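These notes concern the structure reproduced below.
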Ligand code: PBG
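Residue numbers (the working numbering): 522 to 844.
The following block contains the structure:
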C-alpha cells in the first residue's frame, strides 16, 4: 500500500530539494574540448555545421586553450589539418607536424591544461582512410607502424594522453610498446575502444577534412548493431594495455556506456560527436528546442549512463553555465 504514504513528488517540490537529491552532477573537469588545428596565423575558419567551432591556427588554438583553462575544463583533444596530405600520412607522425607544433606552443604559452591527441591517419592521407591502403584495403599491420610513430611524436611534443581512434587491431599494444621504448612509459593511452561506423561523424569530416575518397570505414569501425562485440573490443584493448576506454558516439550508444561502466573498473570516456552536437544546434537555431537545456540534459544522460568524462563540443558553453 505505498500510496498515499509514499509520494515521489515530495522531493521534487522545490529547486533546493531537487538539488539535494540530484544523483548526477556535471563539472567542467569532466569535459574535454575537441580543437581543429590548421596551418597559418590568425586563421579562424568557421565550420558551418558546428556553430562556435572553427579550424584554428596555432596562435588561436593557444587562445582557445587559455579560455578552456580559465573555465576549468578538464582538457583539450587536438585534431590536425596538415599543410598537405599524402599516401603515407607523413604529417601524422612528423616531428614538426601541425599537432606536434601546436602541442609545443600550448605547453609553452598555456600550460596547466590536460593535452590529449587523437592518434589517427585519416586527416593526413590523400585518400582519407585511417591507414595504409594496400590493394584497395586498409592494411592493419602496416598501419600500426604509423600509429606508433604518431603516438611517440605526440608524447615527445608534450601530449599528456594519446588517444588512438583508428580501430586497427593491435594498435594499443603497438603504441604501448613504442611509447615504452622511447622513454614514455608514463604516458597513458585512452583507447577509442568501441568506436562505431557512425553517420554522426558527418560534420567532423567537414571540420577535419577527413572524408574517405572511396568506400567507407566499415571494414575497421564497428557495426552499429553490435553490442557484445563492443565489450570484446574493450576487453582486448584493456589486455593490450589501455589505461582508459571510450565509447563513441555517446547518446545513441548509452547502453554500451552503461555496460562498460558495469564491467570494467577503469576510467571511462564517451564522445558526444559532431553530429550529436550539430543536431541540437540545428534544432535550437530553428527554435524547435532550447539549446542550453538540450546541452545539459544530453551531457547529464551520458554521465548518468556511467561516463567519467565526456569529449564534447559543448565543453565551453556547458562549463560557462556551470561556473
Ligand atoms: C578520426 C576521428 C573521427 C572522429 C574522431 N576521430 C572521424 C572518423 O572516424 O571518421 C569523429 C569525431 C566527431 O564526429 O566529432 N578517425
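Just so you know, even glycine gets a beta-carbon here, dropped at the ideal spot from N, CA and C.
On a predicted model such as this, the values are computed, not experimentally measured, just so you know.
- Annotation: residue 819 to residue 772 spans about 7 Å, alpha carbon to alpha carbon.
- If you ignore the 5 residues before and after residue 618, its C-beta comes within less than 6 Å of the C-beta of 612, all in its own chain and listed in chain order.
- For residue 686, the closest of 644, 797 and 525 by C-alpha to C-alpha distance is 644.
- If you look at residue 790, you'll find it isn't in any alpha helix (DSSP H); it sits in the beta strand (DSSP E) that goes 789-793.
- Using a Cβ distance threshold of 9 Å, residue 596 and residue 532 do not count as a contacting pair.
- In this structure, residue 764 sits near residue 710, with a CB-CB distance shorter than 9 Å.
- The ligand PBG has a heavy atom closer than 8 Å to the beta-carbon of residue 742.
- The bridge partners DSSP lists for residue 607 are 646.
- For the options 543, 716 and 587, the alpha carbon positioned closest to that of residue 629 is the one of 587.
- Of the other Cβ atoms in all chains shown, 16 or more fall within 10 Å of the Cβ of residue 717; this residue is therefore buried.
- Proximity of the beta carbon of residue 593 to the ligand PBG is not indicated: no heavy atom of the ligand is located closer than 8 Å.
- Each residue's CA atom was taken as its position, placing residue 590 and residue 573 some 17 Å apart.
- If you look at residue 559, you'll find it isn't in any alpha helix (DSSP H); it sits in the beta strand (DSSP E) that goes 552-559.
- Excluding the 5 residues flanking it on each side, residue 754 has same chain C-beta neighbours closer than 6 Å at 714 and 715, in chain order.
- In this structure, residue 726 has its CB closer than 8 Å to one or more heavy atoms of the ligand PBG.
- Residue 821 is not bridged by DSSP to any residue.
- Beta-bridge partners assigned by DSSP to residue 833: 793.
- Beta-bridge pairing by DSSP links residue 576 to 557 and 566.
- Put simply, the backbone Cα of residue 540 is about 10 Å away from that of residue 546.
- The ligand PBG has no heavy atom closer than 8 Å to the beta-carbon of residue 569.
- Residue 631 places its beta carbon less than 9 Å from that of residue 583.
- Beta-bridge analysis with DSSP links residue 638 to 599 and 683.
- The Cβ atoms of residue 602 and residue 557 lie closer than 9 Å to each other.
- Taking the C-beta atoms as reference points, residue 551 is found no nearer than 9 Å to residue 564.
- Under the three-state reduction of DSSP, residue 800 is assigned to helix.
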